[in-house]
Structure formats: C-alpha cells, structure tokens
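**Student:** Before anything else, here's the structure in question.
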Amino acid sequence: MLSGAGDGAGDYAWLAELPLGAAFALAFVRGVDEAEVLRRFGADPDTARPMTLDAIDRAQQDALPESLLLAAVTKVGDWVLVVEPNGFQSTLDEVLSVVSAGGEVLSVYRNLDSVGQISHAVDGGLRTAFDQLVPYLRWGSLPDALLPVMLAVGLDPDGGTAPDPDAAALALAERVTGVRLSPETLSGTLPTVVLSAREPE
Numbered sequence: 002m003l004s005g006a007g008d009g010a011g012d013y014a015w016l017a018e019l020p021l022g023a024a025f026a027l028a029f030v031r032g033v034d035e036a037e038v039l040r041r042f043g044a045d046p047d048t049a050r051p052m053t054l055d056a057i058d059r060a061q062q063d064a065l066p067e068s069l070l071l072a073a074v075t076k077v078g079d080w081v082l083v084v085e086p087n088g089f090q091s092t093l094d095e096v097l098s099v100v101s102a103g104g105e106v107l108s109v110y111r112n113l114d115s116v117g118q119i120s121h122a123v124d125g126g127l128r129t130a131f132d133q134l135v136p137y138l139r140w141g142s143l144p145d146a147l148l149p150v151m152l153a154v155g156l157d158p159d160g161g162t163a164p165d166p167d168a169a170a171l172a173l174a175e176r177v178t179g180v181r182l183s184p185e186t187l188s189g190t191l192p193t194v195v196l197s198a199r200e201p202e
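Sequence positions in the sequence shown follow the working numbering and run 2 to 202.
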C-alpha cells in the first residue's frame, strides 16, 4: 500500500537526536498484533518490561552480551512498530519472511559503517530492498516497486546520496505506511524484550 502522506525528509531531522546507538532498525508491521510480532521476532511477549530508549542503550552497552539484543514495540495506527537500537534483525530475509506472513513489513536500517537498508515484504515475500545510501542497488521480486516514492523523498538512484538518508528513509516509510513518526512516539517507556541475535545466512 502506498500512501500520499508525508511532506519530505526534513520532517525527520530529530531522528539523529535519539539514543539509537551505532546502528538501528525500525520495522513497521501490519496485519499482526504486538504479541504475535514479538513471537515472530523470536521473543516471548510475556517477558516484556517497560524501558526507555536511553535505558535500552545503556543496557546494551553495559550489560548485554553481543548475542542478545533489546527490541521495543509500540502500536502506531494500524501498524506495530518494532524499534531495535543497535539492532538489525528486521533486515534479515528469514525474519522478514516470518514476520510479514499474512501481513506486511517495511523496515529501515542504518549503521555507522555507511551501510543502510530499506526492505518491504508482503505475505512472506521480499518485494523490494535497497541501500538508501546507494539507492541504485535494489533487489527483491519487484525491485522497482518503490521507485516513485524513492524519488519523491530524495532517494534518486541517479542523483547520488540524499542529504540526510536516514530522514529520507523515514519519509519513505511514512509514504508507504501512512505513519508519521514523531519524537513523542518513541519517548517514555515502551514494552521491551530480549532477542537472540540471528546472523545473516
């Protein structure tokens, strides 16, 4: 589903101020409730406890081994948002396949090693994925399906890197999902679970 919502990447300049760590992944999931989303990510929803993003960041730096990750979940409109500070699980094909079964997932990933990825999966299949830093690299069953939206938010495959690729990625997510994130969405405490990190196959 493509929505007409969203005015542009400038709306998301606040993203850089959040304690999301050296890498982060945001997954918008539709068609599955919060508890089932967590199960599909490999977590037990009954173990969720409220944490702020600051607390998650501190825990991952000071307490958790590298094999474990924290993920927070919240409901935004018709979508469930999974926030992975310092995480990457929603970039993995096997995770996207499971989580999107019977529904839809749009995920945004970025780290400090100049690696980014936007992935769009529907009903178990990856439709489109690309690197927002190198948007001419696209793959999936319909690699050009998001091209009109990419162009609208400044992710032009022929135009070089967008001035703020992270903000452009969230502007794209807004146009696809109709969800406009705000700092308030990610402030306060969010139900948080521990994930066992799965490495790419």
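Positions of the beta carbon are idealized from the N, C-alpha and C atoms, including for glycine.
For Gln62, count neighbouring C-beta atoms within 10 Å of its own C-beta (all shown protein chains included) and say buried if the count is 16 or more, exposed if not.
**Tutor:** Result: exposed.
**Student:** Near Thr190, which residues of its chain fall below 7 Å by C-beta distance, leaving aside the five closest residues on each side in sequence?
**Tutor:** Within the same chain, Thr190 has close Cβ partners Pro51, Met52 and Thr53.
**Student:** Given a cut-off of 7 Å, decide if Gly32 and Leu196 are closer than it, judged by their beta-carbon atoms.
**Tutor:** Their beta carbons are not under 7 Å apart, which means Leu196 does not touch Gly32 by this criterion.
**Student:** Can you name the start and end residues of the alpha helix (DSSP H) that Leu82 belongs to?
**Tutor:** Counting along the chain, Leu82 falls outside any alpha helix (DSSP H), though it belongs to the beta strand (DSSP E) covering Trp80 to Pro86.
**Student:** Considering only their Cβ atoms, is the gap separating Ala28 from Ser91 smaller than 7 Å?
**Tutor:** In contact: Ser91 and Ala28 (Cβ atoms closer than 7 Å).
**Student:** With distances taken between CB atoms, is the gap from Ala23 to Leu113 smaller than 7 Å?
**Tutor:** The answer is yes: Cβ separation under 7 Å.
**Student:** Can you give me the start and stop residues for the alpha helix (DSSP H) that Val100 sits inside?
**Tutor:** Residues Asp94 to Ser101.
**Student:** Check the DSSP bridge columns for Phe25 and list the partner residues they point to.
**Tutor:** The partner list for Phe25 (beta bridge, DSSP) reads Pro86 and Arg111.
**Student:** Is Thr48 helix, strand or coil when you go by DSSP?
**Tutor:** In the structure shown, Thr48 sits in a helix (DSSP, three-state: H, G or I).
**Student:** In chain order, what residues of the same chain have a beta carbon less than 6 Å from the beta carbon of Pro158, not counting five sequence neighbours either side?
**Tutor:** So the qualifying residues of the chain are Pro136 and Tyr137.
**Student:** Measure how close the beta-carbons of Ala72 and Thr162 come, nearest whole angstrom, since I'm counting them as under 8 Å.
**Tutor:** About 28 Å; that fails the 8 Å criterion.
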